[in-house]
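Just below is one structure, and these are the notes that go with it.
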Amino acid sequence: MPRPIVATIHTAALAHNLARARLAAPDSRVWAVVKANAYGHGLERAFEGLHSADGFALLDLAEAQRLRALDWRGPILLLEGCFDARDLELCSRLGLWHTVHCNEQVDMLAAHKTQLPHRVFLKMNSGMNRLGFRPERYRAAWTRLNALPQVEEISLMTHFSDADGPKGIAAQLATFDAVTHDLPGERTLSNSAGSLRHRAALASRSDWIRPGIVVYGSAPDFPEHSAAHWGLQPTMTLASRIIGVQHLVAGDTVGYGSSFTADGPLTIGIVACGYADGYPRHCTTGTPVLVGGVRTRLVGRVSMDMVTVDLTPVPTAGMGSEVTLWGRSAHGAVLPIDEVALAAGTVGYELMCALAQRVPVVVDAVGL
Ligand SMILES: *Cc1c(COP(=O)(O)O)cnc(C)c1O
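What follows is the structure in structure tokens.
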């Protein structure tokens, strides 16, 4: 029998979450962001749940090729654009739309020989200071692109740094508007957090939204809001089983470094899941976990192949009992990935993306 750990991708939940994103911006078209192998879900698997997207946004050209191989004929946007001149040939061949965020990319386009002019998304650095032209350079870049025979259509793009927090988007939005108000072209401004939290400010200004994390059922602004608050369903379940049981007495310690000490009799389950499966080693005693659908806690350190859990709330649990590390248990109970991420001092994004290669993955197409 294989080691009992398994990840399940819930394609009906992907479709549900995509519909929630659409509801937040009913007048916009929706890029489903599928970079990083669809946030660790597997591009091909995620695609099964995301057919109804208007387009797919990603950044790896190999992933764009995989999408075309799935027969996706609709829009694909390269969020970081081209990395070198040869990438433009693939854009021409596969009909990829691409971000242009720097002069070097304009130079490459100007030198590119193509029959079919490209659709490009000109990115403004409106304050995040990652990719994009500074506001005072933006119009010059637009004018230059607009004069190129290689360019068919220019859309306008920016990205918010604080859509999920108290600073908000007002300053960046004002900067973007001031520079672009009289430029033609479609606009795409917001990721998940912007699309959900700032719908009023963005209404009628977004031809396209770019939700990623909400599609994967994680709240972009946890712990302020939960996934349930936004009506999202988990799209990835990481589950395993208890492969050993220990009955501790007061003073017994658990695991490497003896970081947990029992203060009385305690039954613990040993679970076949560790950091080599993608479960974060930073999770400490108290991290929530479900055993047989019942909420309990981790005790002691996470090791490479195992974690240990307190069985007190589930006295019927034992060898072979189902353990849900995150996602939905067979009993229907949900442990939000965001809660586990918080216990590890990180975000749901990182946990999904870090699901390890050695974990077998199955697809569950059945909805709730
Ligand atoms: C990753 C990414 C997104 C999606 O962000 P989420 O927070 O996952 O919704 C949107 N736009 C750009 C440019 C990105 O890189």
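So my numbering is basically just the index in the sequence shown, starting at one, shifted up by 9.
For glycine and all other residues, C-beta sits at the position ideal for the given N, C-alpha and C.
Residue i: first and last residue of the uninterrupted beta strand (DSSP E) it sits in
i       : result
Val-15  : 15 to 19
Thr-335 : Per the sequence shown, the amino acid found at residue 335 is Trp instead of Thr. Where Trp-335 is concerned, the enclosing beta strand (DSSP E) stretches over 331 to 337.
Val-129 : 127 to 132
Cβ-Cβ distance between residue i and residue j below 8 Å
i       : j       : result
His-107 : His-127 : yes
Pro-144 : Met-133 : yes
Ile-252 : Ala-281 : yes
Leu-211 : Gly-203 : yes
Leu-86  : Gly-64  : yes
Gln-159 : Phe-169 : no
Ile-178 : Ala-172 : yes
Gly-283 : Asp-314 : yes
Val-298 : Arg-306 : yes
Leu-241 : Gly-226 : yes
Ile-346 : Val-318 : no
Asp-373 : His-19  : yes
Arg-219 : Gly-329 : no
Leu-103 : Gln-74  : yes
Trp-239 : Leu-192 : no
Thr-184 : Ser-215 : no
Val-323 : Arg-54  : no
For residue i: DSSP bridge partner residues
i       : result
Thr-446 : This structure cannot speak to residue 446, because the chain is shown only from 10 to 377.
Pro-297 : Arg-306
Val-318 : Gly-278, Leu-307
Trp-106 : Leu-86
Glu-162 : Arg-128
Ala-248 : Val-15, Thr-333
His-256 : Thr-276
Thr-197 : Met-166, Trp-217
Ala-41  : Phe-65
Leu-344 : Gly-336
Unbroken alpha helix (DSSP H) run spanning residue i, endpoints
i       : result
Cys-44  : The amino acid occupying residue 44 in the given sequence is Lys; Cys does not appear at that position. Counting along the chain, the alpha helix (DSSP H) containing Lys-44 begins and ends at 44 to 48.
Ala-66  : No alpha helix (DSSP H) contains Ala-66, which is instead part of the beta strand (DSSP E) from 64 to 67.
Asp-116 : 112 to 119
Asp-373 : Segment 370 to 373 is the beta strand (DSSP E) holding Asp-373; no alpha helix (DSSP H) there.
Met-313 : Neither: Met-313 is in no alpha helix (DSSP H) and is coded neither H nor E.
Ala-184 : The residue you asked about is not Ala; residue 184 is Thr in the sequence shown. It spans 179 to 189 - the alpha helix (DSSP H) in which Thr-184 sits, taken as one unbroken run.
Phe-56  : 52 to 58
Thr-152 : 144 to 155
beta-carbon residue i near ligand 1 non-hydrogen atom, thresh 7 Å
i       : result
Ser-201 : yes
Arg-31  : no
Gly-221 : yes
Val-343 : no
Pro-229 : yes
Lys-44  : yes
His-190 : no
His-107 : no
Leu-88  : yes
His-168 : yes
Best match in the options for proximity to residue i [C-alpha to C-alpha]
i       : options                           : result
Gly-302 : Ala-326, Lys-44, His-291, Ser-312 : Ala-326
Glu-89  : Glu-98, Glu-53, Lys-44, Asp-314   : Lys-44
Leu-131 : Leu-360, Val-109, Arg-337, Asn-26 : Val-109
His-234 : Asp-216, Leu-351, Val-316         : Leu-351
Val-224 : Leu-23, Pro-13, Thr-17, Arg-196   : Leu-23
Glu-331 : Val-15, Pro-11, Met-10            : Val-15
Val-311 : Val-300, Ala-21, Thr-296          : Thr-296
Glu-195 : Asn-26, Val-371, Val-39, Thr-17   : Val-39
Leu-97  : Ala-209, Ala-78, Asp-69           : Asp-69
Tyr-147 : Met-361, Leu-334, Asp-186         : Asp-186
Ala-30  : Gln-255, Ala-236, Val-371         : Ala-236
Thr-293 : Gly-309, Arg-304, Gly-287         : Gly-309
Leu-125 : Leu-105, Ala-66, Asp-116          : Leu-105
Cys-91  : Leu-67, Leu-79, Asp-80            : Leu-67
Neighbour flag for residue i against chain B, beta carbons, 8 Å
i       : result
Ser-235 : Looking at the structure shown, chain B is missing, and only one protein chain is on hand.
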